[in-house]
Amino acid sequence: MGLGAISSSTLLKRLRSGSHKNSTYTAFREVGRVIRTVQMLRYLSDAPLRRRVTAATNKVESFNRFSPWVGFGNQGVLADNDPIEQEKTMKFNALLTNAVIFHNALDIAEIIRQLLQEGWEIDPEDLAHISPYLTEHIKRFGEYSTHELGTQPEAYDPKLDVDFTQLRDQDLRAEGFGTAA
Numbered sequence: 039m040g041l042g043a044i045s046s047s048t049l050l051k052r053l054r055s056g057s058h059k060n061s062t063y064t065a066f067r068e069v070g071r072v073i074r075t076v077q078m079l080r081y082l083s084d085a086p087l088r089r090r091v092t093a094a095t096n097k098v099e100s101f102n103r104f105s106p107w108v109g110f111g112n113q114g115v116l117a118d119n120d121p122i123e124q125e126k127t128m129k130f131n132a133l134l135t136n137a138v139i140f141h142n143a144l145d146i147a148e149i150i151r152q153l154l155q156e157g158w159e160i161d162p163e164d165l166a167h168i169s170p171y172l173t174e175h176i177k178r179f180g181e182y183s184t185h186e187l188g189t190q191p192e193a194y195d196p197k198l199d200v201d202f203t204q205l206r207d208q209d210l211r212a213e214g215f216g217t218a219a
């Protein structure tokens with residue numbers, strides 16, 4: 039280590055010491071305040087940014103409603119005090135949630151392909167609002183056949199014949215990376 043350098047572990051130890059008189063702690067705290075202030079001013083003055091933040095927040099909230107819905111047993115309460123069993127329960131719920139989201143995404147893609155084959159024009163802006171957190175078609179309580187477990191699924195083609203460049207360009211312009219007018 040050269041002069042004026044500090045290892046990340048040493049820096050974290052110093053910051054964790056809790057001393058508010060520590061000059062490094064004070065400097066980072068002030069930088070954090072400046073960054074938060076700049077971000078807040080940007081958020082308040084930029085309507086498209088507020089719309090993107092709201093949309094992202096809504097997606098997160100949708101997931102936070104969807105995940106417990108999928109893991110309906112015991113109303114989300116981890117009844118076991120064993121941390122290993124708690125971790126298993128949480129991982130199983132995450133796996134099941136992701137499997138349902140993936141299945142929904144496959145179904146959505148298949149419907150989009152069918153609509154394209156029928157001659158419908160698909161607006162990428164509309165696709166950006168489709169959520170894979172759908173529950174209406176899922177029977178949580180019922181009988182499920184396991185005789186198909188050995189069936190090999192067809193290869194999945196992830197390509198949709200929809201041009202998303204306008205959305206990417208829109209995002210780049212909103213972030214200030216686009217060309218100047």
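Just so we're aligned, residue 39 is where the sequence shown starts under the numbering used here, counting upward by one. Just so it is clear, CB atoms sit at the ideal spot from N, CA and C, and this is done for glycine as well.
Subject >> Beta-carbon proximity list for TYR171, same chain, < 8 Å, skipping 5 on both sides >> reply: Here the question's residue 171 lines up with position 133 in the sequence shown. Excluding sequence neighbours, TYR171 sits near SER100, PHE101, ARG103, PHE104, ILE139 and ASN142.
Original post:
CB-CB under 6 Å to LEU53, same chain, minus the five flanking residues each way: which ones, in chain order?
Top reply: Looking up residue 53 in the sequence shown gives position 15. So the list reads TYR63, once near-sequence residues are dropped.
Original post:
Count the other CB atoms within 10 Å of the CB of THR75; is the residue buried (16 or more) or exposed (fewer)?
Top reply: Taking the sequence shown and counting its residues from 1, one reaches residue 75 at position 37. That one is exposed.
Original post:
Is there contact here, the segment 151–162 with the segment 114–124, by at least three beta-carbon pairs under 8 Å?
Top reply: no
Original post:
When the Cα of VAL108 is compared with those of GLU186, GLU125, LYS97 and THR135, which residue comes out closest?
Top reply: The residue given as residue 108 occupies position 70 in the sequence shown. For the residues GLU186, GLU125, LYS97 and THR135, the minimum Cα distance to VAL108 belongs to THR135.
Original post:
Does DSSP put THR178 in a helix, in a strand, or in coil?
Top reply: Position 140 of the sequence shown, counting from 1, holds the residue named residue 178. In the sequence on display, residue 178 carries Arg and not Thr. Three-state DSSP puts ARG178 in coil, outside helix and strand.
Original post:
Would you say the beta carbon of ILE176 comes nearer than 6 Å to a heavy atom of the ligand NAP?
Top reply: As presented, the structure is devoid of all ligands, the ligand NAP included, so that no description of it is given.
Original post:
For the candidate residues PHE130, ALA132 and LEU198, whose alpha-carbon lies nearest to that of ILE160?
Top reply: Taking the first residue of the sequence shown as position 1, residue 160 is located at position 122. Selected option, being the one with the closest Cα: LEU198.
**OP:** Measuring alpha carbon to alpha carbon, tell me which of ILE146, SER55, THR48 and GLN204 ends up nearest ASP195.
**Re:** Indexing the sequence shown from 1 puts residue 195 at position 157. That would be ILE146, whose Cα lies nearest to the Cα of ASP195.
**OP:** Any chance you could list the alpha helix (DSSP H) runs of at least 4 consecutive residues sitting entirely within the segment 46–95, in chain order?
**Re:** 46–54 and 61–83
**OP:** Grab the span of the alpha helix (DSSP H) containing VAL138 for me, first residue to last.
**Re:** The count along the sequence shown starts at 1 and reaches residue 138 at position 100. Taken as a continuous stretch (DSSP letters only), the alpha helix (DSSP H) holding VAL138 covers 121–155.
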